[in-house]
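A short write-up of the structure that comes next.
Protein chains: 2
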Amino acid sequence: MSMQLSPAIQELIHALRLLPGVGAKTAQRMTFQLLERQREGAMRLAHALTTAVERVGHCEQCRTLTESSICTICANPKRRDSGLLCVVETPADVMAIEQTGQYQGCYFVLMGHLSPLDGIGPEDIGLDVLAQRLHQDGLHEIILATNPTVEGEATAHYIADLARSRGIKTSRIAHGVPVGGELEFVDQATLGHAFSGRKLID
Amino acid sequence: MSMQLSPAIQELIHALRLLPGVGAKTAQRMTFQLLERQREGAMRLAHALTTAVERVGHCEQCRTLTESSICTICANPKRRDSGLLCVVETPADVMAIEQTGQYQGCYFVLMGHLSPLDGIGPEDIGLDVLAQRLHQDGLHEIILATNPTVEGEATAHYIADLARSRGIKTSRIAHGVPVGGELEFVDQATLGHAFSGRKLID
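Those protein sequences? They're chains E and B, same order as listed. Residues in the first sequence are numbered consecutively from 2, following the working numbering. Residues in the second sequence are numbered consecutively from 2, following the working numbering.
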């Protein structure tokens, strides 16, 4: 970075690099665009950042990001009465599932996954809170929707054991060939899942 | 976007989309990462945005972005005494040229290019200021480094006419095959420039 740039410009470039996927060149382009043409947008972004950091916390029941003490999904009686609890890793997973319109139950958001090597144990992902929730009346199925990665699978197994010990039905979302995908381009592991998880056609 | 998201989260996603190259998915990923893992970073970015918008203006002499009334390059006597003035479109162009370490003169930053269809005329890109500067003692060469686009070339021609009327030597940076590039992948226009601008080998 040239030493000719003003400190305030340099600091903005550095701060933008904190965003995921933003490197030195992109941060510089963003900085110049904001200062040359989008000063109101820059102020709006600054305000949105401050407001979100100040107001957004975690839902007391499902741990997702929300401005209220309890998120809109947990606060919905129809969803609570469904008796379904879907366990996911992140709030983005909740959004992805909500967009399908297929699921009408509640969520539990781990905000991560078990990763002993990084020192992330059961309590760091709220499994003590989840364990208490398994005593809840009317809960009849836990749907495990953690990612199909090594850590996601290990986390799913851990929670399945927990639920089994309380006698609660537990399921894992299906893995297989993506809709619209071509077999030729699907990886071995996925194709293996597609075969082992095959369904009889009536 | 799901209606389940808190207003503060939605507003942050919208505000991040103002950044160049950031679409809906990326803005959402940035938002969740900031709120889940980088709250200090988010506050630092908010502060950097506010500070930059408040402090950064334009250099009175060359129009580049700076916190001072006159930028460090214009304030440098050695550069002023060089008698060279390089005309570029943006502050990013200044940075790119500075990084070569090859140029020791001053700059004039148009902050755009002539574009009659968009209503951008000579005064919008500071050519009235530039015209006054051509009277400056000791100025002996204008180097035109606007982009090799239709608008950039038109702008270069306009400024060349202005400089010619004042009897000041004017040059255009060389266009040709990029160093390290392969002829086979170079476009026709560039290859045409490379031939018409060929140099005799002594």
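Every residue gets a Cβ at the ideal spot worked out from N, C-alpha and C, and that includes glycine.
In whole angstroms, what separates the C-alpha of residue i from that of residue j?
{"i": "residue 3(E)", "j": "residue 96(B)", "result": "Unreliable positioning characterises residue 3(E) in this predicted model, as indicated by a pLDDT of 43, which lies under 50. The coordinate reading is nonetheless provided below. About 6 angstroms."}
{"i": "residue 66(E)", "j": "residue 20(B)", "result": "23 angstroms"}
{"i": "residue 169(E)", "j": "residue 156(E)", "result": "17 angstroms"}
{"i": "residue 152(B)", "j": "residue 199(E)", "result": "60 angstroms"}
{"i": "residue 39(B)", "j": "residue 128(E)", "result": "23 angstroms"}
{"i": "residue 177(E)", "j": "residue 117(E)", "result": "28 angstroms"}
{"i": "residue 76(E)", "j": "residue 107(E)", "result": "10 angstroms"}
{"i": "residue 25(E)", "j": "residue 17(B)", "result": "18 angstroms"}
{"i": "residue 135(E)", "j": "residue 154(E)", "result": "20 angstroms"}
{"i": "residue 119(E)", "j": "residue 141(E)", "result": "33 angstroms"}
{"i": "residue 45(B)", "j": "residue 162(B)", "result": "47 angstroms"}
{"i": "residue 147(E)", "j": "residue 22(B)", "result": "30 angstroms"}
{"i": "residue 104(B)", "j": "residue 133(B)", "result": "23 angstroms"}
{"i": "residue 27(B)", "j": "residue 172(B)", "result": "43 angstroms"}
{"i": "residue 194(B)", "j": "residue 149(B)", "result": "11 angstroms"}
{"i": "residue 74(B)", "j": "residue 99(E)", "result": "54 angstroms"}
{"i": "residue 121(E)", "j": "residue 56(E)", "result": "26 angstroms"}
{"i": "residue 111(B)", "j": "residue 87(B)", "result": "11 angstroms"}
{"i": "residue 36(B)", "j": "residue 53(E)", "result": "8 angstroms"}
{"i": "residue 139(B)", "j": "residue 158(B)", "result": "23 angstroms"}
{"i": "residue 145(E)", "j": "residue 102(E)", "result": "18 angstroms"}
{"i": "residue 85(B)", "j": "residue 48(B)", "result": "38 angstroms"}
{"i": "residue 41(E)", "j": "residue 124(B)", "result": "23 angstroms"}
{"i": "residue 131(B)", "j": "residue 143(B)", "result": "11 angstroms"}
{"i": "residue 80(B)", "j": "residue 14(B)", "result": "44 angstroms"}
{"i": "residue 31(E)", "j": "residue 126(E)", "result": "35 angstroms"}
{"i": "residue 137(E)", "j": "residue 167(E)", "result": "11 angstroms"}
Please classify residue i as buried or exposed, where buried requires at least 16 other C-beta atoms within 10 Å of its C-beta.
{"i": "residue 180(B)", "result": "exposed"}
{"i": "residue 175(E)", "result": "exposed"}
{"i": "residue 29(E)", "result": "buried"}
{"i": "residue 114(E)", "result": "buried"}
{"i": "residue 192(E)", "result": "exposed"}
{"i": "residue 82(E)", "result": "exposed"}
{"i": "residue 109(B)", "result": "buried"}
{"i": "residue 202(E)", "result": "exposed"}
{"i": "residue 94(B)", "result": "buried"}
{"i": "residue 92(E)", "result": "buried"}
{"i": "residue 51(B)", "result": "buried"}
{"i": "residue 1(B)", "result": "This structure does not reach residue 1(B), given that chain B is present from 2 up to 203, and the question cannot be answered."}
{"i": "residue 43(E)", "result": "buried"}
{"i": "residue 64(B)", "result": "buried"}
{"i": "residue 190(E)", "result": "exposed"}
State yes or no: is the beta carbon of residue i nearer than 9 angstroms to at least one beta carbon in chain B?
{"i": "residue 92(E)", "result": "yes"}
{"i": "residue 10(E)", "result": "yes"}
{"i": "residue 36(E)", "result": "yes"}
{"i": "residue 118(E)", "result": "no"}
{"i": "residue 171(E)", "result": "no"}
{"i": "residue 122(E)", "result": "no"}
{"i": "residue 186(E)", "result": "no"}
{"i": "residue 115(E)", "result": "no"}
{"i": "residue 70(E)", "result": "no"}
{"i": "residue 181(E)", "result": "no"}
{"i": "residue 140(E)", "result": "no"}
{"i": "residue 43(E)", "result": "yes"}
{"i": "residue 134(E)", "result": "no"}
{"i": "residue 7(E)", "result": "yes"}
{"i": "residue 165(E)", "result": "no"}
{"i": "residue 29(E)", "result": "yes"}
{"i": "residue 204(E)", "result": "Here chain E covers residues 2 to 203 and nothing more, so residue 204(E) does not appear."}
{"i": "residue 131(E)", "result": "no"}
Answer with yes or no whether the minimum CB distance from residue i to chain E is below 9 angstroms.
{"i": "residue 13(B)", "result": "yes"}
{"i": "residue 19(B)", "result": "yes"}
{"i": "residue 83(B)", "result": "no"}
{"i": "residue 86(B)", "result": "no"}
{"i": "residue 16(B)", "result": "yes"}
{"i": "residue 24(B)", "result": "no"}
{"i": "residue 249(B)", "result": "Absent from the structure is residue 249(B), since the part of chain B shown begins at 2 and ends at 203."}
{"i": "residue 196(B)", "result": "no"}
{"i": "residue 39(B)", "result": "yes"}
{"i": "residue 137(B)", "result": "no"}
{"i": "residue 66(B)", "result": "yes"}
Quiz item: Does the count of Cβ pairs from the region 55-75 of chain B and the region 64-83 of chain E closer than 8 angstroms reach three?
Solution: No, because fewer than three Cβ pairs between the region 55-75 of chain B and the region 64-83 of chain E fall closer than 8 angstroms, the two stretches do not touch.
Quiz item: Are three or more beta carbon pairs between the region 6-22 of chain B and the region 183-199 of chain E nearer than 8 angstroms?
Solution: Taking 8 angstroms as the limit for Cβ pairs, the verdict is that the region 183-199 of chain E does not touch the region 6-22 of chain B.
Quiz item: Of the residues that make up the region 146-163 of chain E, which ones have a beta carbon closer than 9 angstroms to any beta carbon in chain B?
Solution: Going along the region 146-163 of chain E in chain order, one finds no residue with a Cβ nearer than 9 angstroms to chain B.
Quiz item: If you measure beta-carbon to beta-carbon, which residues of the region 46-62 of chain B are closer than 7 angstroms to chain E?
Solution: Those would be 46, 47, 49, 50, 51, 52, 53, 54, 56, 57, in chain order.
Self-check item: Near-chain B residues of the region 93-110 of chain E (beta-carbon distance less than 7 angstroms), N- to C-terminal order
Solution: Taking a C-beta cut-off of 7 angstroms against chain B, the contacting residues of the region 93-110 of chain E are 93, 96, 99, 100, listed in chain order.
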